[in-house]
Structure formats: C-alpha cells, structure tokens
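What follows is a single structure, written as structure tokens, with notes after it.
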Amino acid sequence: MSQMPSGRQQPMAHHACVIRLAPMPWHWQDKWRGLVAVGKAMPPPYASGKHSVDPPLPFKNEIYLSFSCDCVARARERKRHKRTNRRQIQSHRETEMIEAEGQTRRWWKEAVAYQIYPRSFADSNGDGIGDIPGIIEKLDHIAGLGIDVIWLSPHFDSPNADNGYDIRDYRKVMTEFGTMADFDRLLAAIKARGMRLIIDLVVNHSSDEHEWFVESRSSRDNPKRDYYIWRDGSKGVPNNFISYFGGSAWEKDAATGDYYLHYFAKKQPDLNWDNDAVRAEVYDLMRFWLDKGVSGFRMDVIPFISKNFDFPDMTPDEMKDFAHVYAAGPRLHEYLKEMNREVLSHYDVMTVGEAAGVHDVETPLFVDEARGELNMIFNFAVVTLDRDGWRWKERKLTDMKATFARLDRAVGATGWNTVFLGNHDQPRAVNHFGDPSPEYRVLSAKAIATMMLTMRGTPFIYQGEEIGMVNYPFTDLDQFDDIEVKGFRQDFIDTGKATPEELLENLNKVCRDHARTPMQWDDSAHAGFTTGDKTWLPVNPCYPDVNAAAARADDNSIYHHYRRLITLRHKTPALIYGHYADLAPADERLYVFERRLGDTRLVTAINFTTEPAEITIDGLAGAEVVSANTENRTIGGNRLTLGPWEALVLRCL
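Position 169 (the sequence shown) corresponds to 169 in full-length UniProt numbering; numbering is contiguous.
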C-alpha cells in the first residue's frame, strides 16, 4: 500500500486497497475494469471515486483510487489470459508451419534429455557407489539446465557382470542403489521439477541368475526351457557367432551339456522372443513401470531380439559387421509392432531404441510414425566413425557431416531421430569430438554443445558433458573395470594379435570406462561424489578445475552455455522442426548448417580446428547472433571469420 502524505485523512476504511497515481492529466479516464470506484481527476477538493479527501491534497493532478482487493487479482488474471491467448495463437501458427513441412508436434521431439549412469552419478551413503538418494540430492543441477527428460540407466537388481545390464529381477531395485521406495521418491522429485523419467528396458537378454534362466538350465524338459535359446551340445558349437565381449556367442552349460546363446557376456543369456510366453512376460513388466509413472523406455539393443533360428555361419564379410547380422532377425518389426499395440499405444510415452547394427536406410522401418514401432533410435554411425573394432582411427570432419546428412535424409519428415555425442559406452565427448587441452577444452566443449543442440532430433546429454569432463588418464590395463576390456585382453593379447602397449593406447581413446568415472561435483575429496574413503572407479585427477560447483558459479562456463542453448532451442521451433541443410559439405575445417522453418532461418557455424577459418555464406548480412562461445560477436556482411573452436548461431533476416 502506498504511503499517504503526512497529516492527510486516510480513505474510508472499508476500501481495502489504495493506489497513488501521480501526476495525472485532468481528463484522465479510467481504463481499469472491475473497480468499485472510478476516480476522475478534478479541481480541489480532489475526489477519489465518490469519497472526497479532506483537507484537499496539495498536489495538482494527483489522485488516489480506492477499490476492492479482488480487482487486482482480476486484472492479473486478465493479463494472464491475454498472455495465454497470445501463446496459443503463436503455438497454432507454429503448428501450421510444422505440419506444412509434413511433421507432427510431439512433446518428445521438443524435449532435451539427460542420461544418468547411477553407479557414477552421486553417492549418498559413503560406500563409493552412486545411488538413487544421491540422484535426488542432485536433481536441481539437472533441472537448472532446462532438461525435460531424464534417462536413468539400469537400476534393477543385478549381479553386475555388466554393470546392471544383466538383470536378475526386473521388478526390484539394485540393493546398492536403494529401494523401491527410493525410486518412487526419485520419480516424484523429477515430476515436481517439471521433468519426466524414462528407464532402460533390457530384454534381449537377462542375467543367468534370473529365476527364468535358473529354471531353464535345470533340465531339458523344464517349462521355462524355451525362455532361452538352446542347441544340442553333442554336435559341437552351433555356429561361428561371436560375443560382443570376445569369444564365442555360445556357452556350453554343465547341467544338460547343451549350448545357450549369449550375444554379450556368458552371464547374459539371450531370451527367446519367438516364445509367446516370453513376450507376454516382457509386456507385463513394461506395464508395471509405466503404471508407476515412468514416461517411456530406452530399449537396449532392441534390434537383436529376433533371431534366425537356422543359425547359419557368418561369412568373412559378415563377421566384419556382425552387429548387422544380429539386427536382421526375420520377426523384429513384427515384435515391435506388437509391443506398440499391446503396451505402448495405451500410454503417452517416449521410446528410444538402441539401434546397434541398423544401417541408415533401415531407420524409417523403426521410426516412421505410420509404422507404429518406436519414436526414435540411437544410431551409432557418427560415434563409430573413428573406430575399427577396438582400434582408433582418424575421423574426417567431412565424413562426420556426410553421416549426419545421411541420417537426417533417412528419417525424413515422418520420422524422428536422436542427436548424441556420448553415453555410458563412449569416451568423453570433449576427447571424442573436441579438444581436451587446457587451452581449448572449454571452447571446444561449447562448440560441440552448439552443434548438438541446434540439430534436428532429440538431443541427449550424458552426465558430465555439461561441465566438460574428459577421459581418465589410464596408465595400465589393470586399471580398467570394463568387461569389454577384459574380453579384449583375452582375445588379443593372449593370442598375440596385439601388444599390451597397443591395446592400452587404443583403449585410452575408445574405452567405456572413460564415461563411467565418478561425476565431478566440487573440488573436495573424491570430487564430492562420496563422503567415503574410496570410489568404485577412480576419480579423474582434473576435478579441482573441472567440477559442477565451479561451473554453476561461472556465468561463462560450459554449464551455462548448455543452459542458454537449451533455452534457445525451447523457444525456437526452427531448431526443433526446421529443415536441415549442410551449407559447406566439402569444408574440412568448418561445419556450417542451416535450420529453416517458414520464414525463420538460423545458421550454425563451427570451426573444428585450432586455426582461424573463413567462409562466405549468402544471407548473413545483418544477421543476429543468438548464441556464441566467444564474447562481443557481431556480424557484418556475408564473409564470416571464425576463430579456433568458435561456434555461432545466427538468426538471418
């Protein structure tokens, strides 16, 4: 309430609100609606509605309005409705533009996702292993970025042969991570912050300790024998299939002498999806989690669920791309359609298929909306450009750009894709795509964030990317925990195919453990990950300089660059639905692409080198800089010069 002039009579007590308006013109007309008293300026004695103020106020053209308190509330409500109406009109126009491009609006297309690897995120009880209560404590860090969806890597009960991807009980939380009550609290806390949760669905295989497999292996006539894939042991190894973790994909079981199939570790037997009962079990456990309130699934190696039960040997050429053989089962799309019909179509969900072995041209078979299978997939064509099996090789920028363009064309207007540069199976994105040196770590981390968050497809940020975490400096093969590395050692060193030095050099570039070292929260002991004396994997020694607390406190940090880019993406439909075009596909230094929707055109320009680079782009004159990883950037004409690892997003007029 405004202070009345000293010594003046207060307006009548029954009026609850007083507003002082000064100076006012003599012929001021009230524009407020819903006032109890309409005040009009007049010569002394001045009036406030029908109640005069005596003695007269000494200030000319000044007025006091008195009215009921609910007038303010009604005025605010009218303003809110106007804003809502404007947003609805704008949203309708945007939808028309999007549909004109042949696309449909979906919440999961407009979302930005963040992956949590729970074992390495935050430890609340000091045992050195991340857990669900630890995640709850750190949710504001994620919400502060503007994240819409959290993907939680496996949290299920597991003996941990493959860090949770060997599930013993699909309806129980891993003891190291907490309890089901903890999970329920996590889900509620995520929703309270306006975010959603998707979880892993790992149903190509289970743990060999799952009750289904315990029964299945017990005898050939057990009712659950056909829950898994068995072959007569008297005829030798059924075929030449190989495991992802080294060695044969067939393991002879002592109980019956038969072989069971495992595309991954021998403790991860493959489920038999040709068995109707198995599919019914899977659909039932999906409903269990959806009914709890999760918003969808990331489906682990989902293309592998269908098998060619003739199991012919692979040819030498097929062995070079064995994942594609595993992803080409005859009933795969039949199963995915059935899953959608029986379960997914009854919920408002987001589904992401991990599509190892799926070639670009096959993408529409999974994600075209009319097919009713998945919303999007993780295609690994970009992140494996520098791989030759376990060996690292140089990647050309032109190859990366061409791959992104192929993936975008493959999806087309009626499908959708993901954009990601890292996850729990990849090295750190700054090492993989940027420059981890002290001079360029921050700039390059911001540059690759700019690329990812302005492309078409739902972006997935892996924990630690938002603060620029880097690969761990392993110096000995014994330091690695990854089951894949242990398989490589057996396959390559013991057989003489590689020396320990050669394997270490390559693993320091490509190993999965780089992404799994503990999240670096602050500069205290163990990077604030735990209060205990040890961590399950060593903390990267760079943590005093690279940590979340320092990043959040610095407005110019990688964290805040991500935050601003996410805000820009949320409010710019062209960055979500706009047409993608590479403007300089042959340039080995610069990645320059445009996103166009209706009359809106944005250009992203990134220098992937440590030297200045120039390019001419039509239509840049007068462009507005809407994002930059350098300061005080302006644009003149069509000629653009970018400094080392400089990244710009321009709104063209």
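Ideal placement from N, C-alpha and C gives every residue a C-beta, glycine not left out.
Under the DSSP definition of a beta bridge, which residues are partnered with residue i?
i	result
Pro459	Val419
Leu602	Arg595, Arg651
Lys252	Tyr259
His205	Asp270
Asn607	Leu590
Asp157	Asp169
Ser627	Val649
His141	Bridge partners of His141: none, in fact.
Arg387	Trp392
Leu197	Ile150
Arg231	Tyr259
Ile242	Ser248
Please report the straight-line C-alpha distance between residue i and residue j, rounded to a whole angstrom.
i	j	result
residue 654	Thr600	Outside the shown range of the chain (1 to 653) lies residue 654, about which nothing can therefore be said.
Val556	Trp645	The sequence shown places Asn at residue 556, rather than the Val named in the question. Straight-line Cα distance between these residues: approximately 16 Å.
Thr256	Arg217	7 Å
Ala498	Pro518	30 Å
Phe311	Leu583	46 Å
His155	Ala621	52 Å
Leu21	Arg93	Confidence in Leu21 is poor, its pLDDT being 44 and thus under 50, which makes the residue's placement unreliable; the coordinate value appears in the next sentence. Near 39 Å, if we compare the C-alpha coordinates of Arg93 and Leu21.
Ile617	Asp399	21 Å
Ala327	Glu362	11 Å
Val649	Leu602	7 Å
Ile147	Gly134	18 Å
Asn638	Glu631	20 Å
Arg185	Gly144	19 Å
Thr175	Leu537	18 Å
Ala550	Cys511	27 Å
Glu99	Ala410	19 Å
Phe366	Glu334	11 Å
Ser295	Glu502	44 Å
Thr572	Met451	15 Å
Ser345	Asp291	13 Å
Glu505	Pro118	28 Å
Asn417	Ala254	44 Å
Glu611	Arg589	9 Å
Am I right that residue i and residue j are in contact with their C-beta atoms under 8 Å? What's the rounded C-beta distance?
i	j	result
Val383	Pro436	Actually they are not in contact, since the Cβ atoms of Val383 and Pro436 sit about 17 Å apart, beyond 8 Å.
Ile129	Ile150	So it is not a contact: roughly 19 Å between Cβ atoms.
Val202	Ile167	6 Å
Tyr263	Phe297	Wrong, their Cβ atoms sit about 19 Å apart, outside the cutoff.
Val112	Pro459	5 Å
Ile132	Asp200	Wrong, their Cβ atoms sit about 14 Å apart, outside the cutoff.
Met455	Val419	5 Å
Asp221	Asp258	Rounded, the Cβ-Cβ distance is 12 Å, inconsistent with contact.
Comparing alpha-carbon positions, which option in the options lies nearest residue i?
i	options	result
Leu565	Cys511, Asn629, Asp258, Pro473	Asn629
Lys224	Asn239, Lys571, Asp276, Met314	Asp276
Phe378	Asp425, Leu507, Arg287	Asp425
Gly246	Glu338, Tyr227, Gly389, Leu575	Gly389
Ala370	Arg341, His526, Arg516	Arg341
Asp313	Val237, Leu385, Pro473	Val237
Gly422	Thr475, Pro585, Asn431, Gly415	Asn431
Val301	Glu588, Ala323, Trp289	Ala323
Gly194	Met319, His560, Asp140, Leu152	Asp140
Ala405	Asp360, Ser120, Asp386	Asp360
residue 658	Ser219, Ala447, Arg74	Any question about residue 658 goes unanswered here, given that the chain covers just 1 to 653.
Met350	Gly357, Arg78, Met299, Pro316	Met299
The beta strand (DSSP E) with residue i in it runs from where to where?
i	result
Gly296	296-299
Leu640	639-642
Ser216	Element bounds for Ser216: not the beta strand (DSSP E) but the alpha helix (DSSP H), 211-216.
Trp151	149-152
Glu101	Glu101 -> no beta strand (DSSP E), and no H or E assigned at all.
Thr351	350-354
Thr616	613-616
His579	579-582
Leu113	Here residue 113 turns out to be Ala, not Leu, going by the sequence shown. Element bounds for Ala113: 113-116.
In the DSSP assignment, find the alpha helix (DSSP H) that holds residue i and state where it starts and stops.
i	result
Phe488	483-488
Phe378	Segment 376-378 is the beta strand (DSSP E) holding Phe378; no alpha helix (DSSP H) there.
Ile190	180-192
Tyr559	558-570
His432	429-433
His324	322-326
Trp289	276-292
Glu502	500-510
Phe404	397-411
Leu443	441-453
Phe366	363-367
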